[in-house]
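Participant: Chains as they are written, first to last, in the numbering used here: chain A, 45 to 266; chain B, 154 to 615.
1. Using a Cβ-Cβ cut-off of 8 Å, state whether residue 452 of chain B counts as contacting chain A.
2. Between residue 394 of chain B and residue 65 of chain A, which are expected to be in contact by the criterion C-beta below 8 Å, what is the C-beta distance as a whole number of angstroms?
3. Please report how far the alpha carbon of residue 485 of chain B lies from the alpha carbon of residue 198 of chain A, in whole angstroms.
4. Would the region 53-73 of chain A count as touching the region 290-309 of chain B if we require 3 or more Cβ pairs under 8 Å?
5. Kindly indicate which three-state DSSP category residue 163 of chain A falls into: helix, strand or coil?
6. Flag residue 540 of chain B as yes if its beta-carbon sits less than 8 Å from any beta-carbon of chain A, otherwise no.
7. Residues in the region 145-178 of chain A with C-beta within 9 Å of chain B's C-beta atoms, listed in sequence order?
8. To be precise: take each residue of the region 394-416 of chain B, compare its Cβ to all Cβ atoms of chain A, and keep it if any distance is under 7 Å. Which residues remain?
9. Enumerate in chain order the residues of its own chain whose CB-to-CB distance from residue 226 of chain A is below 8 Å, with the five nearest sequence positions on each side excluded.
10. Can you pull out the residues from the region 111-131 of chain A whose beta carbon lies closer than 9 Å to at least one beta carbon of chain B?
11. If I measure Cβ to Cβ from residue 338 of chain B and keep anything under 7 Å in the same chain, skipping five residues before and after, which residues do I get?
12. Report the option in B:245, B:197 and B:260 whose CA atom is closest to the CA atom of residue 617 of chain B.
13. Closest by CA to residue 219 of chain A, which one among A:231, A:113, A:201 and A:230?
14. Between residue 242 of chain A and residue 111 of chain A, is the Cβ-Cβ spacing less than 8 Å?
15. Should residue 143 of chain A be flagged as near chain B, meaning a C-beta pair shorter than 8 Å?
16. Measure the C-alpha to C-alpha separation of residue 211 of chain A and residue 204 of chain A and round it to an integer number of angstroms.
17. Residues of chain B with a CB under 8 Å from the CB of residue 53 of chain A: which are they?
18. May I ask you to report which of helix, strand or coil DSSP gives residue 484 of chain B?
19. Check whether the region 350-367 of chain B touches the region 407-416 of chain B, counting contact only when three or more Cβ pairs, one atom from each stretch, lie closer than 8 Å.
20. Relative to the alpha-carbon of residue 128 of chain B, which residue among B:320, B:456, B:363 and B:198 has its alpha-carbon at the smallest distance?
21. What first and last residue would you give for the beta strand (DSSP E) that runs through residue 205 of chain A?
22. Could you give the distance in angstroms between the alpha-carbon of residue 206 of chain B and the alpha-carbon of residue 491 of chain B?
23. How would you label residue 450 of chain B, buried or exposed, when you count the other beta carbons within 10 angstroms and need 16 or more for buried?
24. Identify, in the order they occur along the chain, each residue of the same chain with its Cβ nearer than 8 Å to the Cβ of residue 417 of chain B, setting aside the five sequence neighbours on each side.
25. Would you mind working out which of B:258, B:222, B:304 and B:188 sits nearest residue 237 of chain B, comparing C-alpha positions?
26. Residues in the same chain with beta-carbon distance under 8 Å from residue 266 of chain A, minus the five sequence neighbours each way, listed in chain order, please.
27. Which chain A residues sit within Cβ distance under 7 Å of residue 422 of chain B?
28. Whose CA, out of B:593, B:532 and B:250, lies closest to the CA of residue 582 of chain B?
29. Mind listing the chain A neighbours of residue 336 of chain B? Cutoff is C-beta to C-beta under 8 Å, in chain order.
30. Could you tell me the distance, in whole angstroms, from the CA atom of residue 71 of chain A to the CA atom of residue 348 of chain B?
31. Give me the chain A residues within the contact set of residue 586 of chain B, using Cβ-Cβ distance strictly less than 9 Å, ordered along the chain.
32. Quick one: what's residue 227 of chain A bridged to in DSSP?
33. Roughly how many angstroms lie between the CA atoms of residue 435 of chain B and residue 459 of chain B, to the nearest whole one?
34. Fully enclosed by the region 214-299 of chain B, which alpha helix (DSSP H) runs are 4 residues long or longer?
35. Taking DSSP as the reference, what is the three-state secondary structure of residue 187 of chain A?
36. Alpha carbon to alpha carbon, how far is residue 424 of chain B from residue 99 of chain A?
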């Protein structure tokens, strides 16, 4: 058998190409970087309920459960296909979004599975906490064009219910534009907004309404 | 030679996989086209949870990879491996079980994704509860096929067998790694390191080797000329086995994943040049033995355009993974264009060639219409090239505007003309795949009408 022919045999293809190459790659580029970052314990996502969410969640445990549900809606609607969750140290991203992402930030249960994303049809959300008010988020989810006329984001109107101001249901023919009709967020919308307002709050120390530009670490100009 | 009671190739099984694959490419393209309407404010199911654009997008990507390509590959492998090893697959009954189970799981995937139960991992959006079932079915498939290769192990194999064998080892391992580790074990940055391997290996270690095996088999067969160089194919194969698995981190460049791992991914990605040039040179040199036939026969034209797309997309890959290019094009439509070129322009085209080659033989009926085949070819080719260059341009515009700190919404507004063109290119592809579906359906119907097996065994392009 010539030496080249050895590489055409079942055993070399099976063991060397099939198993060998993948195992080496997994150890080098999978497990090695993963275990460099991975700490044995996940950080707590929230010690207490933020002030503006106290009407919705009675204690920290309820708030944490809400964050998890909100994360699940974020996955179910594939929000992460159009919104990334990491700020790169290039292309002026720190000026646009806030501090560059650090490995340890994602060491929590809300980042398992990780939601880094690979596309930005809309902006990055890893520093979203406190950039907009809760009401802005509700309006934006119900109909994105109501707050950003050029937005191409889908509507999530089924996260809301329409009611009369006195609490009764709508009569046939009435819609969101009829007098005395209000649009109320369902629990799903509250959970999702809680999750969005949580994103990056470890870094930005959320004030509740506006993003604090003082928290931005200016990168050296490229 | 084994006894000849049963035919070597499980013909009905191959036919079933190929026919259902044709149905899936139609559904996949329909979902993609529907999703593209969201970007130009024409989305037809506004406010309907079940058909929310985000969910429809996942149906699009999942159907392309797991419904269309996987079924086409499964069918072709059932044909190719027995032919090349002269051994039957382990069990045809097991094959039918895999067929029904796998396609049931695909329906379940679509239903659960539309119902809001997707998994949050890229290319692994298959709902969590289905992952273990899919892993089992895929392992059964692998056992079924590898058994044939194992029985023939005393002989040196043709290049296509190496590729299929390696891919069948890689696929279940990659699936288990990508669907379970980032979901249950590794959070955040660590999970992303694993996830990036999955994103890459799905294309690099499942789709690419099987696709390469397909063209190495079909090209010489259709041309009736030998493969240009056996040695070159050996270099290409071992280059793929060595470089591709080490590419992964290039999907998350400038992310919080340790930088040395990103550098390693970039260096290995540049090594892809070795793989691509050997494969493309080998294919084109084989084709050059009979250009006239290669340019007139429709399956060969699909193979040729797919090869050109393969060359473009891989050179593009080795350029776009460099950090300086990543600064601009990452997160933009450039990457979307690249993915479409890979999965449609290359591997779907090669699968089309196989389907046009196999169906007339399996159904013992010539294709219903040559003219529809031509339409399919030109609409698909025109559509994918238009989409590719439109999205590359859109990506550059978006990336430049972001780097220049234009308000984000301005980059959205600037993209709208590109998204219109993308919709039209998608429409071309959709019409092309509709024509394909009609042509295959009519051929199938004719084959049901003509019962005598010898009546019309005229293969296409013979």
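C-beta: ideal position from N, C-alpha, C; glycine also.
Facilitator: With the given structure in hand:
1. no
2. 5 Å
3. 19 Å
4. yes
5. strand
6. no
7. 145, 146, 147, 148, 149, 150, 151, 152, 153, 154, 155, 156, 157, 158, 159, 160, 161, 162, 163, 164, 165, 166, 167 and 168
8. 394, 395, 398, 399, 401, 402, 404, 405, 407, 408, 409, 410, 411 and 414
9. 206, 207, 208 and 209
10. 115, 116, 117, 118, 119, 120, 121, 122, 123, 124, 125, 126, 128 and 130
11. none
12. Because chain B spans 154 through 615 in this model, residue 617 of chain B falls outside it and cannot be assessed.
13. A:201
14. yes
15. no
16. 14 Å
17. 306, 309 and 310
18. strand
19. no
20. There is no way to answer for residue 128 of chain B, as the model of chain B reaches only from 154 to 615.
21. 204-208
22. 21 Å
23. buried
24. 399 and 402
25. B:304
26. The predicted position of residue 266 of chain A is uncertain, since its pLDDT is 48 and thus under 50; no value can be drawn from it.
27. Ordered by position in chain A, no residue passes the 7 Å Cβ test against residue 422 of chain B, which lies about 12 Å from the chain.
28. B:532
29. 156 and 157
30. 14 Å
31. Those do not exist, as residue 586 of chain B stays about 23 Å from chain A at its closest Cβ, beyond 9 Å.
32. A:206
33. 14 Å
34. 223-238 and 245-267
35. coil
36. 57 Å
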